[in-house]
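Trainee: By numbering that gives the first Met the number 0, the letter at position 279 of the sequence shown is numbered 278, and the numbering carries on one by one without gaps. Ideal Cβ placement from N, Cα and C applies to all residues, glycine included. All values derive from a computational prediction rather than experimental measurement.
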Amino acid sequence: MDRPLLNRRLAEFGTTIFAEMSALAVRTGSINLGQGFPDADGPEEVREAAVRALRDGRGNQYPPGPGIPELRTAVAAHQQRFYGRLGLSYDPDTEVLITAGATEALAASLLALLEPGDEVIALEPYYDSYAAGIALAGGRRVPVTLRADPESGSYRLDLDELRDAITDKTRLILLNTPHNPTGTVLSRDELAEIARLACERDLLVLTDEVYEHLVFEGEHLPLASFPGMRERTVTIGSAGKTFSFTGWKVGWVTATAELVSAVRSAKQFLTYVSAGPFQYAVAEALALPDSYFTELRDDLRTKRDILATGLTDAGFQVFRPSGTYFITTDIRPLGHDDGFAFCRTLPERAGVVAIPNAVFYDHKDQGAPYVRFAFCKRTDVLQEAADRLKRL
Ligand code: PMP
Ligand code: GLN
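1) Can you grab the Cα-Cα spacing for the pair Ile97 / Val209, in whole Å?
2) Whole angstroms is fine: what's the gap from Leu87's alpha carbon to Ala18's?
3) Do Pro124 and Thr181 have their beta-carbon atoms positioned less than 8 Å apart in this structure?
4) Please report how far the alpha carbon of Thr166 lies from the alpha carbon of Pro142, in whole angstroms.
5) Check whether the Cβ of Tyr126 lies closer than 7 Å to any heavy atom of ligand 2, and answer yes or no.
6) Report the partner residues of Pro142 according to the DSSP bridge assignment.
7) Provide the residue(s) that pair with Gly250 in DSSP beta bridges, ordered along the chain.
8) What do you get for Gly28, buried or exposed, if any count of 16 or more other CB atoms within 10 angstroms of its CB means buried?
9) Rounded to whole angstroms, what's the CA-CA distance from Phe12 to Asn6? Just pull it up for me.
10) Buried or exposed, going by whether 16 or more other CB atoms sit within 10 Å of the CB of Arg371?
11) According to DSSP, what are the bridge partners of Ile30?
12) Taking the alpha-carbon positions, what's the Phe36 to Phe242 distance?
13) Taking only heavy atoms of ligand 1 into account, decide whether any of them is closer than 7 Å to the Cβ of Thr102.
14) So the candidates are Glu230, Arg8, Trp247 and Arg231; which of them puts its Cα closest to the Cα of Thr102?
15) Below 7 Å CB to CB, which residues in the same chain sit around Lys266 once its five sequence neighbours on both sides are set aside?
16) Taking Cβ positions, are Gly100 and Gly239 nearer each other than 8 Å?
17) Taking just the CA atoms, how far does Gly314 sit from Leu333?
18) Is Arg371 helix, strand or coil when you go by DSSP?
19) Since Gly137 and Gly116 are thought to touch, with beta carbons under 8 Å apart, how far apart are those beta carbons, to the nearest angstrom?
20) Leaving out five residues on either side along the sequence, give the residues of the same chain with a beta carbon under 6 Å from the beta carbon of Arg71.
21) Quick one: what's got a C-beta closer than 8 Å to Thr311's C-beta in the same chain, skipping five residues either side?
22) To the nearest angstrom, how far is the alpha carbon of Phe81 from that of Glu283?
23) Tell me whether Asn356, by its Cβ, gets closer than 7 Å to a heavy atom of ligand 1.
24) Go ahead and pull the three-state DSSP assignment for Tyr291.
25) What are the partner residues of Thr327, as DSSP defines its beta bridges?
26) Can you list, in chain order, the residues of its chain whose CB lies under 8 Å from that of Arg229, leaving out five sequence neighbours each side?
27) Tell me whether Asn59 is buried or exposed, calling it buried when 16 or more other Cβ atoms sit within 10 Å of its Cβ.
28) Using the rule of at least 16 other Cβ atoms within 10 Å of the residue's Cβ for burial, across every protein chain shown, is Val50 buried or exposed?
29) Using CA atoms only, rank isn't needed, just tell me which of Glu150, Thr344, Thr327 and Ile305 is closest to Asp379.
30) Using only the heavy atoms of ligand 1, determine whether one of them is closer than 7 Å to the beta carbon of Ser237.
31) Does the Cβ-Cβ distance between Leu213 and Thr323 come in under 8 Å?
32) Output needed for Ser264: all residues of its chain with C-beta closer than 7 Å, excluding positions within five of it in sequence on either side, in chain order.
33) Please state if the CB of Leu171 and the CB of Val119 are separated by a distance shorter than 8 Å.
34) Name the residue from Asn179, Thr183, Leu135 and Arg139 whose alpha carbon lies nearest to the alpha carbon of Asp157.
35) Who does Asn175 pair with in a DSSP beta bridge?
Given below as structure tokens:
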């Protein structure tokens, strides 16, 4: 057959870096600080809730298309508990949709809301499924680059650049805060300006807030809570990050009934439904007391600090994240400038796996010297990784 089997929309994406790097970690017996998954499962009572649902025959057959009512109610109650003070609340029957993780929520939203040729502005570096999701929907991605600022040791969004990137073809801004891979938490002023631009230019916003509870400094503010945004914002959350069960793939969308209905139109032909018994368990997880969420955050902050210190001592320049699971580093102080080459040889040189940030860029040169390490691991594992990296 002359024609390539894989269609043109997907051909550029290859295998995800996470699969490649996790396989490399297994093959070389390295410490895997690449793919972002915790090495300790979430709360025992939540695991038990899943077992109970399985045994009691709850969710073993197709759950309802929008998700089980218990989970939709729990998502709405969670939004009310954490963001009600900002005036944000959702109707569990019409304004909540349960998805197969945030990944399906993203794909279904893009497939539902884009016409071929529509432009989507995404903050670069961006999570890898964004580019593929936009491509599958026939959209055109327009990156706006978050820039590393060695002075402050953080990444900053240039709002002028964002404003200039909006054209008559822009349909949607795809936002992510707290941001993977840089750990940036967008500030109130930045979000207010993004909201103002979205209203002024009549844009939709798809906002990926899966790390909403993992903010170490500052606070997470949902974009939907800003003036004029509720009716144009699709917000995405996930149990993977909030409850340390990344394998369960339970995510959710909150938005107006019209937006949820549009996203459901695409979602019903992707998975239709998923994770029946896990939906019951996540409903219980969302009702955990505030102390659960605080402890999760405090524990990860400590882990961030252990790895940040270790990486600094090993000679990396560290961009200290305000949120997420990840630390981005600059490898140039170690005498390297190609993150891909660095990450491919790191297992044999140090027994550690990391992710080259260039995969998250259209402008590969911009991302070349940066490498991402995940700190959602046991402290002894982080300490051991730091010791190994010091020998570099
Ligand atoms: N968005 C971001 C920013 C992520 O880092 C991830 C990975 N957890 C996802 C979406 C996908 O989440 P899920 O595993 O729930 O599909
Ligand atoms: N979100 C995780 C990360 O950024 C990985 C998810 C995946 O493997 N697709 O590492």
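Mentor: Taking the geometry as given:
1) When rounded, the separation of the alpha-carbon atoms in Ile97 and Val209 is 14 Å.
2) Cα to Cα, Leu87 sits roughly 37 Å from Ala18.
3) Yes, these two residues count as a Cβ contact at 8 Å.
4) Looking at the two C-alpha atoms, the distance is approximately 13 Å.
5) Taking non-hydrogen atoms of ligand 2 into account, the C-beta of Tyr126 is found less than 7 Å away from one of them.
6) Looking at the DSSP assignment, Pro142 forms a beta bridge with Ala121.
7) DSSP, once it has assigned bridges, lists Thr98 and Ser237 as partnering Gly250.
8) Gly28 counts as exposed, since fewer than 16 other C-beta atoms from the protein chains shown sit within 10 angstroms of its C-beta.
9) Spanning the two alpha carbons is a distance of roughly 11 Å.
10) Its Cβ being crowded by 16 or more others within 10 Å, Arg371 is buried.
11) Ile30 pairs with Val351.
12) About 11 Å.
13) Annotation for Thr102 indicates a beta carbon within 7 Å of some heavy atom of ligand 1.
14) Looking from the CA of Thr102, the closest CA among Glu230, Arg8, Trp247 and Arg231 belongs to Trp247.
15) By the criterion of a C-beta distance shorter than 7 Å, Lys266 is surrounded in its chain by Leu96, Thr98, Glu103 and Ala107, once the five residues flanking it on both sides are discounted.
16) Yes; because the gap between Cβ atoms is below 8 Å, this pair is in contact.
17) Within the model, the alpha-carbon separation for Leu333 versus Gly314 is close to 6 Å.
18) Correct three-state label for Arg371: strand.
19) Indeed, because the Cβ distance is near 7 Å, the residues count as touching under 8 Å.
20) Hits under 6 Å: Pro91 and Val95.
21) Hits under 8 Å: Val317.
22) Within the model, the alpha-carbon separation for Phe81 versus Glu283 is close to 16 Å.
23) Incorrect: Asn356 has no Cβ contact closer than 7 Å to ligand 1.
24) Here DSSP, grouped into helix, strand and coil, assigns Tyr291 to helix.
25) Thr327 pairs with Phe318 and Arg371.
26) Taken in chain order, the residues that qualify are Leu87, Ala223 and Thr255.
27) Classification of Asn59: exposed, given that the 10 Å Cβ count is below 16.
28) Flag for Val50 reads exposed.
29) For Asp379, the closest of Glu150, Thr344, Thr327 and Ile305 by C-alpha to C-alpha distance is Ile305.
30) Yes, ligand 1 has a heavy atom inside 7 Å of this Cβ.
31) Yes, the Cβ-Cβ distance between Leu213 and Thr323 is below 8 Å.
32) Hits under 7 Å: Ala111.
33) The answer is yes: Cβ separation under 8 Å.
34) Comparing Cα-Cα distances from Asp157 to each of Asn179, Thr183, Leu135 and Arg139, the minimum goes to Thr183.
35) For Asn175, the pairing in a beta bridge is given by DSSP as Asp207.
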